[in-house]
Ligand code: DOR
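Residue numbers (the numbering used here): 169 to 621.
Structure follows, in structure tokens:
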């Protein structure tokens, strides 16, 4: 039976689907790209005939993970990543849907650019790639881009990520327009005057190391302003990569008042702190924007996940070429290649020790992000798209960036032993990753030209 069989019977696993409150032993039957049934003992089901049977005994079957924040770098930076290599990395990491950021070259600020990314992603055909468009033309922060047009072309989020929308009036207009199109405005919250020249979190560690710091107020002050603007306009503000305790406070404050604010947090901010900069011996793979912050911030982020202040975990997968990282700390590019380690790192450092329950982590990777964008995904309800992931909670592996599908080898987790991770990824009923091997559908080249097998 070919591995893209129209029917799959995933048998004997524990189905964990937070959207349905389900955490029990069940079979999952997939037919024609949809979830046909989730029940115990589906062997006799008429659709199970001719189905490819996958044994999931001892494993956990979850809705496919949705990542609200990845950088696929195409067009323009194909030496760092392209849609094919990024799609493979997503499939390897258990992600079935990714939202790709528009800080490409040129930036995605027109309908035609949005449609082109979608076309290329469909051609690669591994995971669902949903593009974000910029808020402003050229991400210059001055004039709104054609938001309605990009929405028509399939943009699911508007953001100038990489840089903030600095001008409050531009942000107010963006929230107003975003509301009328039903699309959230994602803010990369950073005050460029406060962060200028900074390379890590401003605190005791940066002082001791003599590195220029980025204060938490750089992020939190922008979020406070934007929460007020979301309240003023009724628009939906989505706060990207929350890193600071104060930001969690402002998002909590806004939610309590019924203001439409949602927030995401990256795995690296949940598991690492600014001490990693020192302990790694200035490994430039710890350099990320917003920066790894203090232990108190990390704990506040965990609390934010627990009480619902933070809606989603998103990788901020930011692949870079070795030439961008193999330089002095001050000069290195910001960013961590995260798609292939995110789930395993969350399982190892947060679920394993009991810091967060598995069901909460799965919720923040499935139903949570689906709600942020209003996507009809993130659950294994019968009739839903058959996007699912199977986890093996016991699988042990050592992170070896040389074996990444991503072109970005820039991870601070190289050499770490992780326990647990995705072993099967199914998108629209097609197996795209099995036991770590991703289906070959496209071959990417440094030029970003495609040859298809
Ligand atoms: O670390 C980061 N890298 N933060 C950003 O906001 C942008 C991203 C990138 O594009 O490399």
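Idealized CB from N, CA, C, for every residue including glycine.
For residue i, which of the options has the nearest alpha-carbon?
i: residue 385; options: 445, 398, 465; result: 465
i: residue 180; options: 187, 207, 445; result: 207
i: residue 257; options: 563, 575, 306; result: 575
i: residue 524; options: 435, 453, 372, 457; result: 435
i: residue 468; options: 433, 483, 447, 488; result: 433
i: residue 587; options: 521, 535, 498; result: 521
i: residue 374; options: 400, 356, 315, 442; result: 442
i: residue 438; options: 425, 421, 416; result: 416
i: residue 361; options: 371, 377, 334, 376; result: 334
i: residue 366; options: 387, 397, 596; result: 387
i: residue 347; options: 324, 577, 562; result: 324
i: residue 554; options: 527, 542, 599; result: 599
i: residue 355; options: 440, 370, 395; result: 395
i: residue 505; options: 526, 517, 548, 567; result: 567
i: residue 174; options: 595, 605, 606, 601; result: 595
Look at the alpha carbon of residue i and the alpha carbon of residue j, and state the distance between them as a whole number of angstroms.
i: residue 280; j: residue 470; result: 39 angstroms
i: residue 509; j: residue 351; result: 29 angstroms
i: residue 321; j: residue 413; result: 36 angstroms
i: residue 185; j: residue 545; result: 12 angstroms
i: residue 481; j: residue 219; result: 33 angstroms
i: residue 176; j: residue 407; result: 38 angstroms
i: residue 262; j: residue 515; result: 13 angstroms
i: residue 429; j: residue 217; result: 46 angstroms
i: residue 327; j: residue 275; result: 11 angstroms
i: residue 474; j: residue 531; result: 11 angstroms
i: residue 246; j: residue 329; result: 18 angstroms
i: residue 614; j: residue 581; result: Any reading at residue 614 must be qualified, since the residue scores a pLDDT of 41, below 50, and its modelled position is unreliable; the value itself is stated next. If I take the Cα positions, the gap works out to 25 angstroms.
i: residue 462; j: residue 282; result: 37 angstroms
i: residue 336; j: residue 592; result: 44 angstroms
i: residue 619; j: residue 252; result: Residue placement at residue 619 is flagged as unreliable, the pLDDT there being 35, under the threshold of 50; the coordinate-derived value follows with that caveat. Computed Cα separation, rounded: 10 angstroms.
i: residue 484; j: residue 423; result: 23 angstroms
i: residue 411; j: residue 478; result: 11 angstroms
i: residue 405; j: residue 238; result: 18 angstroms
i: residue 401; j: residue 380; result: 36 angstroms
i: residue 345; j: residue 403; result: 8 angstroms
i: residue 502; j: residue 456; result: 4 angstroms
i: residue 418; j: residue 497; result: 31 angstroms
i: residue 295; j: residue 264; result: 5 angstroms
i: residue 633; j: residue 378; result: Residue numbering for the chain in the displayed model covers 169 to 621; residue 633 lies beyond these limits and cannot be assessed.
i: residue 540; j: residue 551; result: 21 angstroms
i: residue 272; j: residue 569; result: 23 angstroms
i: residue 578; j: residue 313; result: 32 angstroms
i: residue 319; j: residue 297; result: 15 angstroms
i: residue 543; j: residue 370; result: 37 angstroms
i: residue 241; j: residue 489; result: 11 angstroms
i: residue 603; j: residue 254; result: 18 angstroms
i: residue 608; j: residue 250; result: 15 angstroms
Assuming residue i and residue j form a contact by the criterion Cβ under 8 angstroms, report the distance between their Cβ atoms to the nearest whole angstrom.
i: residue 368; j: residue 353; result: Actually they do not touch by this definition, with Cβ atoms about 28 angstroms apart.
i: residue 358; j: residue 332; result: 5 angstroms
i: residue 289; j: residue 573; result: Wrong, their Cβ atoms sit about 15 angstroms apart, outside the cutoff.
i: residue 460; j: residue 454; result: 6 angstroms
i: residue 236; j: residue 267; result: 5 angstroms
i: residue 492; j: residue 500; result: 7 angstroms
i: residue 230; j: residue 556; result: 7 angstroms
i: residue 210; j: residue 200; result: Actually they are not in contact, since the Cβ atoms of residue 210 and residue 200 sit about 16 angstroms apart, beyond 8 angstroms.
i: residue 190; j: residue 183; result: 6 angstroms
i: residue 202; j: residue 597; result: 7 angstroms
i: residue 305; j: residue 277; result: 6 angstroms
i: residue 564; j: residue 585; result: 6 angstroms
Cβ of residue i less than 7 angstroms from any chain C Cβ?
i: residue 250; result: Note that chain C does not occur in the displayed structure, where there is just one protein chain.
If you measure between the beta carbons of residue i and residue j, is that distance less than 7 angstroms?
i: residue 342; j: residue 390; result: no
i: residue 234; j: residue 178; result: no
i: residue 300; j: residue 339; result: no
i: residue 409; j: residue 458; result: yes
i: residue 399; j: residue 349; result: no
i: residue 192; j: residue 204; result: no
i: residue 529; j: residue 224; result: no
i: residue 512; j: residue 589; result: yes
i: residue 227; j: residue 447; result: no
i: residue 187; j: residue 547; result: yes
Any idea which residues DSSP pairs residue i with across the strands?
i: residue 233; result: 263
i: residue 428; result: Beta-bridge pairing links residue 428 to no other residue.
i: residue 301; result: 326
i: residue 557; result: 230, 593
i: residue 421; result: For residue 421, which the question treats as bridged, DSSP gives no partner whatsoever.
i: residue 202; result: 199, 553
i: residue 601; result: 593, 606
i: residue 381; result: 368
Residues near the ligand SAM, criterion Cβ-heavy atom distance below 5 angstroms | With respect to small molecules bound, the structure shown includes the ligand DOR and not the ligand SAM.
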